[in-house]
Amino acid sequence: MVDVGADETATMSSTLEDAETGDSQNADGAAVRRRFFDEQRVLVAGSVIGFLTLWEVASRQGWIRDLFFSSPSAVFMAAIREVQRASFWWDFRVSALEFTVGFSLAIILGIPIGLILGWFRKLEYFWDPWLSFMYATPRITYIPLLVTWFGLGLTSKMALVFAGPFFTIVIGTLEGVRTVPSKYLDVSRSFGANHWQFFKTILLPNTVPFILASMRLAVGIGIVAIVLGEMYASQAGIGNLLMTAANNLQADRVLFAVLIFTMMGVGLSKVLQTIEKRVAQWKPEQGR
Amino acid sequence: MAEPVLEASAVRMEYVNARTGRSVLAIEDLNVVVEPEQFVTIVGPSGCGKSTFLKIADGLLSPTSGRITINGEDVKSAPRSRGMVFQDASLLPWFTVLANAAYGLQCQGVPREEARERARPVLDMVGLTGFEDSYPHELSGGMQQRVNVARALAIDPEILLMDEPFAALDAQTRELMQSELLDIWQKANKTVLFVTHQIDEAVFLSDRVLVMSARPGRLIADITVDIPRPRDLRVKREPKFVDLNAQVWDLLHAPGAADDRPGEASYVG
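Protein chains in written order, with our numbering: chain F, 189 to 476; chain A, 9 to 277.
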């Protein structure tokens, strides 16, 4: 009685989760309270601490060149220096603004368009060649064109952050609409639901998990867009900071910028994951 | 005689198989009359069009020709005067048991809270008190079917249409559900049109058993089951029950009943 849609989403989101955050809880996560020092925690902590220590030691002992590889303590110091500078916060605001505007637009336009295309087959057939084309093309290849159209300022990066997530969200939403089991359609028709009731009680609940899963995928794509857009053509932003630092051979600042993007990705996908869990309360435990 | 609740006249259903492109005659000239508070079962081999007939009666499909009326009104135009109990429970997995039971009422425009208040006693009647806030996946197959029944009963329909609701249950649960369905039917004073391929289920539940032939579906017999009510499961061991079972079995296995060619004329025994 488990519908295919729920299953697919779960697989999709759990792979995503593993890939992006390395978080792998057991199936018993909720049921059994874990001991503080269990096998899993020890291994995770050991891996992280061990690697950082090795890196630090290797750098201090001169086994690796500090200039190219930096060290955990140097990155930490670079972070302390950066957060005290106004220029860093300016870069941060630029990147955050580009991401927020582009990603919000992708959501605001992507969800309704996905719903409409998913519901009206003929419209989907008509738009499908363009959707497939745009989805398959690496969006990064638009950078030169976007810069020509929108210049070096924020707009070209916003357009780039929009372009990636938009198609991902459209296709995810569309997929969710398409997988509404026909038996639920029969139920709503049998009991005389009108279009709005059908939308509210069947189409939307079935599709929301798909939308959220596609948004999680889209976060990663959007961040890649920011990084590349700013590295390629910009006057500000964390990607710009990264590129400048790299040109000056400041490995510690480069790694600090990388960390910012990582935290952005992890943070956003955690937020979406929390929403997903809240929305999908009705789902059977999926063993993750 | 009272006005029939459901009346199907000369219902014919032809559809084009999407894959082969050939036209298939699923139902041929079906006439059915269901009297108030009767329990009528259609029994027939799989693929005889009995589920299709029920979907036509529910207005989910339009017949090629002929019409079905409930209380004299065409099912296509009449207000929702029937409650469908689906083959697999078809509960909405994102709603709780209570919300599922109230779903039909809500579709009819009853405000959410009122719909839920009205669904509560129905859940009680099908024996699901205490499970209001559970989700469908947390219930067993038999319990899911109870919610399915409650959802249809909650809208207080003129007639309950039941499409092989116990087909997916194990034998013991199925028998339990059969006897509970009879209790509910007697408490609720409902008219029921029930579809199954199980002969003993048909005989046990019904006042009348309508026997359908294999495709194209035609009515080949209308058998009155004069076993007194209330019936409990021990009835199934009585000679009369066994005889009726055998009678239906013979009809279903007679040459011609399983005939796949379109028949010239149908007769009602």
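No residue lacks a Cβ here, since even glycine has one placed at the ideal position from N, Cα and C.
Quick caveat: nothing in here was measured; it's all calculated off a predicted structure.
Judged by DSSP secondary structure, Tyr23 (chain A) falls within the beta strand (DSSP E) whose first and last residues are Leu14 to Val24. Not one beta carbon of chain A lies nearer than 7 angstroms to the beta carbon of Ser275 (chain F). Three or more beta-carbon pairs separated by less than 8 angstroms link the region 93-100 of chain A to the region 154-174 of chain A, which places the two stretches in contact. With contacts defined as CB atoms closer than 7 angstroms, Glu166 (chain A) and Thr204 (chain A) fail to qualify as a contacting pair.
Under the criterion of beta carbons closer than 8 angstroms, Ala65 (chain A) and Asn39 (chain A) do not qualify as touching, at roughly 13 angstroms. A check of alpha carbon separations from Pro71 (chain A) across A:Thr232, A:Ala34, A:Val51 and A:Ala127 identifies A:Ala34 as the nearest. In the DSSP annotation of this structure, Asn436 (chain F) is not part of any alpha helix (DSSP H), being labelled neither H nor E.
The region 329-379 of chain F contains, as complete alpha helix (DSSP H) runs of 4+ residues, the segments 331-338, 342-366 and 370-378 (chain order). Contacts between Met92 (chain A) and chain F, judged by CB atoms closer than 9 angstroms, involve Asp374, Val375, Ser378 and Phe379 in chain order. The CB of Trp470 (chain F) comes closer than 7 angstroms to the CB of Pro101, Trp102 and Tyr143 in chain A, given here in chain order. Measuring C-alpha to C-alpha distances from Ala175 (chain A) to each of A:Glu22, A:Ile192, A:Leu190 and A:Glu209 identifies A:Glu209 as the nearest.
Pairing Gly238 (chain F) with Val232 (chain F), the inter-Cα distance amounts to about 10 angstroms. If you compare the alpha carbons of F:Pro326, F:Pro260 and F:Phe264 with that of Thr241 (chain F), the shortest gap goes to F:Pro260.
According to the DSSP secondary-structure assignment, Ile207 (chain A) is paired through a beta bridge with no residue. Beta-carbon to beta-carbon, Ser283 (chain F) and Gly427 (chain F) are separated by about 7 angstroms, close enough to satisfy the 8 angstroms threshold. Counted as a single uninterrupted DSSP element, the stretch harbouring Asn253 (chain A) is not any beta strand (DSSP E) but the alpha helix (DSSP H) occupying residues Pro247 to His261. Listed along chain F, no residue sits closer than 9 angstroms to Ser70 (chain A) by beta-carbon distance, the nearest being about 12 angstroms off.
Close to chain F, meaning a Cβ-Cβ distance shorter than 7 angstroms, are the following residues of the region 106-118 of chain A: Tyr111, Gly112, Cys115 and Gln116.
When the alpha-carbon of Ile235 (chain A) is set against those of A:Leu252, A:Ile228, A:Met220 and A:Val219, the nearest one is in A:Leu252.
Our two residues, Ile76 (chain A) and Phe47 (chain A), have alpha carbons roughly 18 angstroms apart in a direct line. Taking 7 angstroms as the cut-off, the beta carbon of Glu36 (chain A) is found closer than this to the beta carbon of Pro224 (chain A).
The Cβ of Pro397 (chain F) sits no closer than 7 angstroms to any Cβ of chain A. With the rule of 3 Cβ pairs closer than 8 angstroms, the region 451-459 of chain F does not count as touching the region 184-195 of chain A. The beta carbons of Pro353 (chain F) and Ala421 (chain F) sit no closer together than 7 angstroms. About 6 angstroms separates the beta carbons of Leu201 (chain A) and Leu14 (chain A), which is inside the 8 angstroms limit, making them a contact pair. The beta carbon of Ile463 (chain F) is closer than 7 angstroms to those of Leu400 in its chain, skipping five residues each way along the sequence. Interface annotation, Asp164 (chain A): not in contact with chain F, CB-CB separation never under 7 angstroms.
Ala162 (chain A) carries a helical assignment under DSSP once its states are collapsed to helix, strand and coil. In its chain, beyond the 5 residues on either side, no residue has a beta carbon closer than 7 angstroms to the beta carbon of Arg229 (chain F). Identification of chain F residues near Asp132 (chain A) by a Cβ-Cβ cut-off of 9 angstroms yields none; the smallest Cβ-Cβ distance measures about 21 angstroms.
Listed as beta-bridge partners of Gly225 (chain A) by DSSP are A:Ile35.
Counting only Cβ-Cβ distances below 7 angstroms, Asp66 (chain A) has contacts in chain F at Ser378, in chain order. When DSSP states are grouped into helix, strand and coil, Val245 (chain F) belongs to the helix group. Contact with chain F is absent for Arg216 (chain A), since none of that chain's Cβ atoms lies less than 7 angstroms from the residue's Cβ.
For Arg216 (chain A), no alpha helix (DSSP H) run applies; the uninterrupted beta strand (DSSP E) run containing it begins and ends at Arg216 to Met220, by DSSP. The Cβ atoms of Phe444 (chain F) and Glu270 (chain F) lie closer than 7 angstroms to each other.
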